[in-house]
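Chemist:
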Amino acid sequence: MADGVRGGRGAFVLGRARGAGPAAGDAEAAADNAGVNERNEAHRRGAAADVDLLRVFCGPDGGGGNPLAVVLDGAALPGRADRAALAAELGYSETVFLDPPGASTGSTGAADAALNIGDDPAAGAVDIHTPSVRLPFAGHPLVGLAWLLRSSGRPVRSLRPPAGEVAVRYDGDLTWVRARAEWVTARRTERHGSAAEVDALPAPPPGDGWLYAWAWQDEAAGTVRARGFPRRGDNIGEDEATGAAALLLTHQLGRPLDIRQGAGSQLFTRPLPDGTIEIGGRVRAGVRQAP
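What the sequence shown shows, in my numbering, is residues 9 to 299, in sequence order.
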C-alpha cells in the first residue's frame with residue numbers, strides 16, 4: 009500500500025489479515041485515512057479481539073506519532089500467551105489491553121494476583137506488550153488508551169498498569185498522564201552535541217540495551233531533538249515516540265521539555281512538585297503504512 013493509513017478498528021483473530029474499513033462513525037479516522045481505509049482480520053484457534061489502531065504523540069500537523077494497537081475489551085483475549093502472540097503479530101512498538109475492574113491483567117493464575125485493580129470503575133487495569141516483552145509501564149500506550157477512552161465517551165481519571173496508578177487529564181487536543189521516573193528501567197539517555205548528530209545516527213546504533221539519544225535543539229526554550237532505539241532483538245529498530253524515555257530525560261534535566269522525536273512526533277513533559285512527571289501529546293486514529 010502506498011503511503012496511506014491503516015485505520016480505525018478491526019476484528020483481530022490471530023493468524024491472517026485482510027482489509028476493510030474503519031468503524032462506522034469514526035469521523036477522525038475517516039479524515040486521516042484520506043480514502044485509504046483498512047480493517048485487519050486474522051485468525052488462530054478462535055481467539056479474537058477488536059483492535060483500534062492509533063498514532064500517539066503526533067506533531068502539530070497531525071503527522072508523525074508512534075503506532076499503537078489498543079484492545080479495549082481485554083476480556084476477549086485474557087490469556088497472556090495469546091496477548092503476546094497478538095502483539096508480536098501486529099509488530100507495533102506496543103499493544104495495550106484494557107481489563108475490566110476486578111480482573112488481573114493477562115491472567116495466568118495466582119502469579120498475577122498482585123495486578124488485581126479492585127472494583128474502582130474510574131481506573132482500568134492495563135496490560136502492555138511489545139512484540140517481544142511485557143512491560144510494567146510505558147508512556148505512549150497509556151496516553152493513547154486514555155485518548156481513545158475519551159473519544160469513545162468513557163473519559164477516565166486514572167489507569168493502572170502493573171507499575172502503579174497513573175493519573176490522567178485532558179487539555180484541549182492534548183492527553184496527559186502522570187508517572188514516576190523510578191518506573192522507567194533498563195533505559196539509558198545519551199546526549200549529543202547537536203540535533204544534526206542525533207539525526208545522523210544509524211537505526212539502531214551499535215550496541216545493546218535501550219538507548220535514548222538526544223540533543224538540545226533550543227536549550228532556552230526547552231526544545232529537544234531525540235531518537236529512541238530499543239535494541240532488544242525484535243523488529244523495532246527505532247521507536248518513533250517514547251513516553252518512558254521522555255519521562256526519564258525530564259527527570260534527569262529537571263525541567264519541562266518539548267521533545268521532537270523520530271520522523272515527526274512531538275511530546276510534552278512537565279515535572280510536578282510531588283516528584284511525578286506529566287507526559288502529554290496529541291493522538292490520531294489510524295496507522296500510516298510504509299510505501
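Glycine included, each C-beta is placed from N, C-alpha and C at the ideal position.
Among residues of its own chain, excluding the 5 on either side of residue 375, which ones have a beta-carbon nearer than 7 Å to its beta-carbon?
Modeler: Examination of residue 375 is not possible in this model, given that the chain is present from 9 through 299 alone.
Chemist: Label residue 280 either buried or exposed according to how many other C-beta atoms from any shown protein chain fall within 10 Å of its C-beta, with 16 as the threshold for buried.
Modeler: exposed
Chemist: Just the Cα atoms here: how many angstroms apart are residue 65 and residue 291?
Modeler: 6 Å
Chemist: When every heavy atom of the ligand ZN is checked, does at least one fall within less than 7 Å of the C-beta of residue 108?
Modeler: Because no ligand of any kind appears in the structure shown, any question about the ligand ZN cannot be addressed here.
Chemist: Between which two residues does the alpha helix (DSSP H) holding residue 76 run?
Modeler: No alpha helix (DSSP H) contains residue 76, which is instead part of the beta strand (DSSP E) from 72-79.
Chemist: Taking C-alpha atoms, which residue in 158, 78 and 259 lies nearest to residue 187?
Modeler: Closest in alpha carbon position to residue 187, among 158, 78 and 259, is 259.
Chemist: Among 85, 77, 181 and 264, whose alpha-carbon lies nearest the alpha-carbon of residue 230?
Modeler: 264
Chemist: With distances taken between CB atoms, is the gap from residue 254 to residue 277 smaller than 8 Å?
Modeler: yes
Chemist: Skipping 5 residues on each side, what residues in its chain have a beta carbon closer than 8 Å to that of residue 160?
Modeler: 80
Chemist: Have a look at residue 301 and residue 60 and give me their C-alpha separation to the nearest angstrom.
Modeler: Nothing about residue 301 can be reported from this structure: the residues present for the chain run from 9 to 299 only.
Chemist: Smallest Cα separation from residue 238: which of 211, 226 and 223?
Modeler: 211
Chemist: Could you round the C-beta distance between residue 168 and residue 134 to whole angstroms and report it? I think they count as a contact, below 8 Å.
Modeler: 6 Å
Chemist: Rank 232, 208 and 194 by C-alpha distance to the C-alpha of residue 216 and give the top, closest one.
Modeler: 194
Chemist: Since residue 276 sits in a beta bridge, which residues does DSSP pair it with?
Modeler: DSSP lists 266 and 288 as partners of residue 276.
Chemist: Roughly how many angstroms separate the alpha carbons of residue 284 and residue 145, rounded to a whole number?
Modeler: 14 Å
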